[in-house]
Amino acid sequence: MEAFTSVDWDALFGLSLPVTEILIRGTAMYWFLLLLFRFVIRRDVGAVGIADLLVLVIVADAAQNGMSGEYTSITDGMILVSTLIGWNVLLDWLSFRFPAIQRLAQPRPLPLVQSGRMLKHNMRRELITESELWSKLRENGIESIEEVKTAYMESDGQISVIKK
């Protein structure tokens, strides 16, 4: 029982920063990261590799420092996480209700193959090599590029293929 009385409960659950500051920090970092991932980093979102995981951890650590303002209590952390999750749920709801918001939040499918022809410009833009594309085409049972009507990089980073 003595172990519970020696715990500094105020330091654990009291606020070390004003709630408004935590909300502003969380909101600012959420929107910064959303825009960064929406417009800069799109490739392979659906398939996370080692390098992608490393970048995600580094971004999370860097973002945490910007969001936290050196908070120390569990309550501060809970408010910050709730702010981030709240924005995510709100954006999903708004995207569902309003197509304009969905277009802003999710990139349109990017054509990689059109009428049996690789679109090298779009592949270069997303840093997709021919061998990576061929791997995805083979997964869809494609043996020849002429069999492909269209292939798209979807908003989640996956590649969808429509056969002729």
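The number in this note's numbering is simply the position in the sequence shown, starting from 1, with 15 added.
Backbone N, C-alpha and C define an ideal beta-carbon position, used for all residues, glycine too.
Beta carbon of residue i, beta carbon of residue j: below 8 Å?
i    : j    : result
L125 : E141 : yes
S88  : L30  : yes
L99  : Y167 : no
L152 : M138 : no
I39  : I94  : no
T165 : Q129 : yes
L32  : D91  : yes
W102 : T35  : no
Which residues share a DSSP beta bridge with residue i?
i    : result
V176 : A166
Measure how close the beta-carbons of residue i and residue j come, nearest whole angstrom, since I'm counting them as under 8 Å.
i    : j    : result
E162 : K178 : 6 Å
I160 : V176 : About 11 Å; that fails the 8 Å criterion.
Next item on the list: Ignoring anything shorter than 4 residues or poking outside the segment 101-134, list the alpha helix (DSSP H) runs there in chain order.
Entry: Secondary structure within the segment 101-134: the alpha helix (DSSP H) runs of 4 or more consecutive residues, fully enclosed, are 114-120 (chain order).
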